[in-house]
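K.L.:
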Amino acid sequence: MNMKTFISFIVCLCCATRIYAQLNLYKETKQIQGEGYTYQCKVIGIIAELYNANQQFVEKDQINRNTGEYSSIKDSYTPQFESDTWTRPKCYSIVSNAFSEAEKQRLRGIRLQISLYIHPDTGKVIDVSFAFSNRDNFSTIPVSVYHKIELELKKNIWFVPTEHGKQFNYILLWWSQEVSE
Numbered sequence: 028m029n030m031k032t033f034i035s036f037i038v039c040l041c042c043a044t045r046i047y048a049q050l051n052l053y054k055e056t057k058q059i060q061g062e063g064y065t066y067q068c069k070v071i072g073i074i075a076e077l078y079n080a081n082q083q084f085v086e087k088d089q090i091n092r093n094t095g096e097y098s099s100i101k102d103s104y105t106p107q108f109e110s111d112t113w114t115r116p117k118c119y120s121i122v123s124n125a126f127s128e129a130e131k132q133r134l135r136g137i138r139l140q141i142s143l144y145i146h147p148d149t150g151k152v153i154d155v156s157f158a159f160s161n162r163d164n165f166s167t168i169p170v171s172v173y174h175k176i177e178l179e180l181k182k183n184i185w186f187v188p189t190e191h192g193k194q195f196n197y198i199l200l201w202w203s204q205e206v207s208e
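The working numbering applies: residue 28 is where the sequence shown begins, and numbers increase by one.
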């Protein structure tokens, strides 16, 4: 390989790295159009929150339907779902399986926060939101991947709310997950 070809190769590598670094899709608050859906990206500092714009609970406070009062930290210590052995592993599996092997490698060591907004009467997942640093590799993942996760969670996950859980306008369940696990 001659010197001119070698230098051209190095320049191309540097440009490719620069292009890859610019793929941050979630730098600012905005709406993102997909095929038949729209997502809201809300950025506060370096945290991007991403959710379907056609949502019911994401922007609402959690309220006790009996008293009209906001839920308190004390409420989260009382079980809001009947105990089961399948929902949490299934949730983890749905999230991990939405990413390609190449994406999983790029996301190794980084955690994604997933929030489920669950209807207290039916136990069905109504809304899903995602939160991540808009400075890490989750900000390079297309909105279609997050939409795929949302659809799978809504289709395949349900809960059995306890009497305590049924008191609220929705039940919030969230977790942080490394998708390469």
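Positions of the beta carbon are idealized from the N, C-alpha and C atoms, including for glycine.
To the nearest angstrom, report how far apart residue 193 and residue 148 are at their CA atoms.
P.N.:
Reading the sequence shown from its first residue, position 166 is the one you call residue 193. Reading the sequence shown from its first residue, position 121 is the one you call residue 148. Their backbone Cα atoms lie some 6 angstroms apart in a straight line.
K.L.:
Just verifying my parser: in three-state terms, what is the DSSP assignment at residue 51?
P.N.:
Within the sequence shown, numbered from 1, the residue matching residue 51 stands at position 24. It is coil, neither helix nor strand.
K.L.:
Can at least three beta-carbon pairs, one atom from the region 140-158 and one from the region 199-206, be found at a separation below 8 angstroms?
P.N.:
yes
K.L.:
For the putative contact between residue 87 and residue 196, defined by C-beta atoms under 8 angstroms, what is the C-beta separation to the nearest angstrom?
P.N.:
Your numbering for residue 87 matches position 60 in the sequence shown. Your numbering for residue 196 matches position 169 in the sequence shown. About 7 angstroms; that satisfies the 8 angstroms criterion.
K.L.:
Around the C-beta of residue 79, are 16 or more other C-beta atoms found within 10 angstroms, so that it is buried, or is it exposed?
P.N.:
In the sequence shown, residue 79 corresponds to position 52, counting from 1. It is buried - the Cβ of residue 79 has at least 16 other Cβ atoms within 10 Å.
K.L.:
On the criterion of 16 or more Cβ atoms from any shown chain inside 10 Å, does residue 156 qualify as buried, or is it exposed?
P.N.:
Sequence index remark: in the sequence shown, residue 156 carries index 129 (1-based). With 16 or more Cβ atoms within 10 Å of its Cβ, residue 156 is classed as buried.
K.L.:
Please state the DSSP three-state secondary structure of residue 183.
P.N.:
As a working mapping, residue 183 is identified with position 156 in the sequence shown. Helix.
K.L.:
Quick one, are the C-beta atoms of residue 164 and residue 53 less than 8 angstroms apart?
P.N.:
Mapped onto the sequence shown, residue 164 falls at position 137. Mapped onto the sequence shown, residue 53 falls at position 26. Residue 53 sits away from residue 164, with the two beta carbons spaced by 8 angstroms or more.
K.L.:
Short of 6 angstroms in beta carbon distance, which residues of its chain neighbour residue 181, apart from the five on each side in sequence? Order them along the chain.
P.N.:
Counted from its first residue, the sequence shown places residue 181 at position 154. Correct list, in chain order: 152.
K.L.:
Measuring CA to CA, which of 159, 98, 200 and 172 is closest to residue 73?
P.N.:
Taking the first residue of the sequence shown as position 1, residue 73 is located at position 46. The candidate whose alpha carbon is nearest that of residue 73 is 159.
K.L.:
Closer than 7 angstroms by C-beta to residue 99: which residues in its own chain qualify, once you throw out the five before and the five after it? Chain order, please.
P.N.:
Taking the sequence shown and counting its residues from 1, the one referred to as residue 99 is at position 72. Result list for residue 99: empty, nothing under 7 angstroms.
K.L.:
My guess is that residue 125 and residue 59 are in contact by the Cβ rule of under 8 angstroms, so how many angstroms apart are they, rounded?
P.N.:
Here the question's residue 125 lines up with position 98 in the sequence shown. Here the question's residue 59 lines up with position 32 in the sequence shown. Not a contact, Cβ separation roughly 17 angstroms.
K.L.:
If you draw a straight line from the alpha carbon of residue 184 to that of residue 112, how long is it in whole angstroms?
P.N.:
Position 157 of the sequence shown, counted from the start, is the residue given in the question as residue 184. Position 85 of the sequence shown, counted from the start, is the residue given in the question as residue 112. Roughly 12 angstroms between the two C-alpha positions.
K.L.:
What whole-angstrom Cβ distance do residue 66 and residue 77 have, given they're in contact under 8 angstroms?
P.N.:
Stepping through the sequence shown from its first residue, residue 66 is reached at position 39. Stepping through the sequence shown from its first residue, residue 77 is reached at position 50. With 8 angstroms as the limit, residue 66 and residue 77 qualify as a contact, their Cβ atoms being about 6 angstroms apart.
K.L.:
To the nearest angstrom, how far is it from the Cα of residue 188 to the Cα of residue 179?
P.N.:
Your numbering for residue 188 matches position 161 in the sequence shown. Your numbering for residue 179 matches position 152 in the sequence shown. Residue 188 and residue 179: Cα-Cα distance of roughly 20 angstroms.
K.L.:
Report yes if the CB atom of residue 89 is closer than 8 angstroms to the CB atom of residue 199, and no otherwise.
P.N.:
Counting from 1 along the sequence shown, the entry for residue 89 is found at position 62. Counting from 1 along the sequence shown, the entry for residue 199 is found at position 172. The answer is yes: Cβ separation under 8 angstroms.
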